[in-house]
Amino acid sequence: MPHTTSAVPKISVVGAGPGGLTVAMLLAASGADVTLWEAHDRVGGRSRRIEIDGHGFDCGATFFMMPWVLDEITRSCGYPLESLHHMDRLDPMYRLVFRGGLGDLTLDTTQDLNEMAVRLDAVCPGDGQAFLAFMKENRHKLNAMTPVLRDAIRNPLDLVRLKNLPAAKYIKPWESVYDNLSKRFSDERVRLSMSFQSKYLGMSPFECPSIFTILPFIEYEDGVWHPQGGINSLLETLGRTCEELGVDVRTGSPVESVTYSGRRATGVVVDGTEHPCDHVVLNADATWAMRHLIPENLRPRGWSDTDIEKKRYSCSTWMSYMAIDGELDLPHHTICFSGDCRQNLDDITSGLKASEDPSMYFCNPVPIDPSMAPPGMSSLYCLIPTPNCRADVDWAAEGPRLQQKVAEQLERLGVPDIKDRIIGEKIISPNDWQADNIHLGATFNIAHNLGQMLHRRPLHKLNGLESTWMVGGGTHPGSGLPVIFLASQTTARLLCREVGLDCVLDDPRPEVSQAGISPQVSEFAGSSQE
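Using my numbering, the letters of the sequence shown map in sequence onto residues 1475 to 2004.
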């Protein structure tokens, strides 16, 4: 029975990250009375905006892919994505920089598949043609996996439904991403160029299941995009759209607990006051939400405090956001590989220590998006993958060493005077992520090993609880903005069905196009040549 007096279902969404914003949009557009609660003073979750003296930064994600997935959501709510927010397709998509024992190499990647094959053949003859074969195979793989990504996988039986059977041949527990690519590519640098994307899941390519070779495929198939103002700006646009749809968006309002009558959620507590509702959708960090918002005796099997501590978690990140005097001659995205990638990844995943020679990622958005810094200035973002807070690392002491490593790396990239040009800087360490209600500071959620995927992740509707739902990177299908948007679609459809609403979102289940990009992609504005 509902726990509010209104005939319209009243739904509280906890967390205004990408999943919370989009599920709130879909529910409101479908006729629900939605309140969206966010602890921070602005929407976006760990993808919110950071500001330093007029310089803007994405806090978290900077790569935007598969815009058509978000367009499915916004368009169904009456807002085609191209009318909401301008985006630029990046070319090069990103620059890859290798050094050390593997041999020095700078490789600019492009969505022009034939040109990319030429560039890879120049690195190692034969690897270009292997790349084209890789794209063809993974086009079939993604088509086979699409029903699984779009479905609520509640138990093993869901996997053997007819529409999901084509995916079975791609689920190989014994094979990692790196193993799969090693069969195809001869040059180690090419293998790493096609496998670093496992970091989007917070995993090493030497451990990440081989089904995730679809990640580099998606980049080359659909492109890498930059929303004007950054991903944070796109999410703020979604926040305003929520309000236009009637969502009551309450920032600066951390939810302290979910209240229950038996096993049914009856409300959320904010600042000591209970706010009644009929259903609760959790978009907080999945395991943090389990531990802090749901009483242990009500949680689904396998999610007690003890169970949560036994699970595997992704890596964390050390972040530097630098307000820079002057312009920088760097591409939009630059990925600098460690001189010993395997050792670096072992330090993060098994050694649980700060690497002596870390890989680094830089984002320099101002050349194509001057809105992200004052005139004549730059906003430089740096991310270093690190172990999560299970590691015994003093991050306060480690910070200055990493800042020096960043300066040395930038000097190798042709920016020798960075320390003299930094006019403001913000650091976020794994400890800071943990303090921001991310369990163990594991920024990519529960690890994506096969034992923690599909029905072994928190379900869209939590088992045994009548009105508690989940959306975000911690649930199926996993981390990364496109799949979080897929999860919000699934959660919204299931919840609408339960409360008797017709969900505005059709069930399109599009296949990947055979022409190189999804047909919708051309709608989202221009291409940026750097």
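For every residue, glycine included, the Cβ atom is placed at its ideal position computed from N, Cα and C.
| Query | Result |
| --- | --- |
| Apart from the five residues just before and just after L1666, which ones in its own chain have a Cβ nearer than 7 Å to its Cβ? | F1811, C1815 |
| Can you tell me whether T1747 is buried or exposed, with buried defined as 16 or more other CB within 10 angstroms of its CB? | exposed |
| Taking the alpha-carbon of L1581 as reference, which of N1588, Y1568, F1959 has the nearest alpha-carbon? | Y1568 |
| Does the beta-carbon of K1615 have 16 or more other beta-carbons within 10 angstroms, so that it is buried, or is it exposed? | buried |
| May I have a chain-ordered list of the beta strand (DSSP E) segments no shorter than 3 residues that lie completely inside the stretch 1548-1601? | 1561-1565, 1569-1572, 1579-1582 |
| Please classify V1592 as buried or exposed, where buried requires at least 16 other C-beta atoms within 10 Å of its C-beta. | exposed |
| Which stretch, first to last residue, makes up the alpha helix (DSSP H) that contains T1761? | 1760-1767 |
| Do three or more CB pairs link the stretch 1935-1952 to the stretch 1755-1774 at distances below 8 Å? | yes |
| Write down the C-beta distance between H1934 and A1916 rounded to the nearest angstrom, noting that I regard them as a contact closer than 8 Å. | In fact, because the Cβ distance is near 21 Å, the residues do not count as touching under 8 Å. |
| Does the beta-carbon of G1676 have 16 or more other beta-carbons within 10 angstroms, so that it is buried, or is it exposed? | buried |
| Do the CB positions of S1795 and I1524 come within less than 8 Å of each other? | Inspection of the sequence shows that residue 1795 is occupied by Tyr rather than by Ser. Yes, the Cβ-Cβ distance between Y1795 and I1524 is below 8 Å. |
| Got a sec: is the Cβ-Cβ distance from I1705 to anything in chain C below 8 Å? | No chain C is present in this structure, which holds just one protein chain. |
| Any chance you could list the alpha helix (DSSP H) runs of at least 4 consecutive residues sitting entirely within the stretch 1783-1824, in chain order? | 1815-1820 |
| Please determine if the stretch 1675-1689 and the stretch 1650-1657 are in contact, where contact requires at least 3 C-beta pairs separated by less than 8 Å. | yes |
| Just reading off the alpha helix (DSSP H) that S1656 is part of, what are its end residues? | 1651-1656 |
| Within its chain, find whatever has a CB closer than 7 Å to the CB of L1968; leave out the 5 residues flanking it on each side and keep chain order. | A1626, H1934, K1935 |
| Can you give me the Cβ contacts of F1572 inside the same chain, cut-off strictly under 7 Å, excluding the 5 residues immediately before and after it? | D1578, L1579, R1663, F1811 |
| Can you tell me which residues form a DSSP beta bridge with S1852? | I1798 |
| So, with DSSP's three-state summary, where would you put S1660? | coil |
| Beta-carbon separation of P1839 and G1704 under 8 Å? | yes |
| What do you get for T1965, buried or exposed, if any count of 16 or more other CB atoms within 10 angstroms of its CB means buried? | buried |
| Under the assumption that G1518 contacts E1710 (Cβ atoms under 8 Å), give the Cβ distance between them as a whole number of angstroms. | 7 Å |
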